[in-house]
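Residue numbers (the UniProt record's numbering): 1 to 148. From the three backbone atoms N, C-alpha and C, an ideal C-beta is built for every residue, glycine too. Inspection log for the structure reproduced underneath, given as structure tokens.
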Ligand SMILES: [Zn+2]
């Protein structure tokens with residue numbers, strides 16, 4: 001996996017409110033990694049994620065020990081890791097974005113003891129949204145499952 005590079009976001013809550021991490025929430029950016037970085041760096045946006053993947057890079061915005069603001073539901077934010085993918089409605093993630101995502105998700109599933117088939121979830125299962133759009137979630141789940 002591309003080495004994760006910090007692009008610290010001011011948009012997070014300290015800690016996890018006592019909740020254990022038991023979900024990975026998959027998102028698409030509807031744009032490039034640069035667009036996500038600009039949004040998450042803006043305190044006025046009120047949004048963030050833990051990781052973003054695209055254009056051959058992996059960025060980390062929020063520590064895994066803290067709550068990122070990505071799922072649109074605070075309790076879900078407290079118990080999840082949010083991962084953004086460079087993609088939009090007509091541009092699915094690249095092969096390299098999938099590869100980096102699968103490697104990152106495999107590491108997270110090992111760290112937190114997660115079942116990739118049930119605990120890697122689409123943003124759309126949390127709130128009504130088109131996200132994660134063109135991301136093939138089952139492809140990620142199956143590839144991670146094969147690695148564990
Ligand atoms: Zn999303």
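heavy atom of ligand 1 below 7 Å from residue i C-beta
i           : result
residue 129 : yes
residue 50  : no
residue 123 : yes
residue 59  : no
8 Å Cβ cutoff met for residue i and residue j
i           : j           : result
residue 101 : residue 121 : no
residue 7   : residue 55  : no
residue 109 : residue 62  : no
residue 44  : residue 89  : no
residue 5   : residue 59  : yes
residue 12  : residue 71  : no
Environment of residue i [buried if 16+ CB atoms lie within 10 Å]
i          : result
residue 18 : exposed
residue 39 : buried
residue 93 : buried
Cβ separation of residue i and residue j, assumed to be a contact under 8 Å, to the nearest whole Å
i          : j           : result
residue 2  : residue 57  : 6 Å
residue 81 : residue 64  : 6 Å
residue 86 : residue 129 : About 17 Å; that fails the 8 Å criterion.
residue 23 : residue 119 : 6 Å
residue 20 : residue 91  : Contact flag wrong, Cβ pair sits at about 35 Å.
residue 14 : residue 66  : 6 Å
Any 3 or more C-beta pairs closer than 8 Å across the region 88-106 and the region 34-50: No, the region 88-106 does not touch the region 34-50.
Any 3 or more C-beta pairs closer than 8 Å across the region 26-45 and the region 108-115: In short, these stretches do not touch, since the Cβ pair count stays below three.
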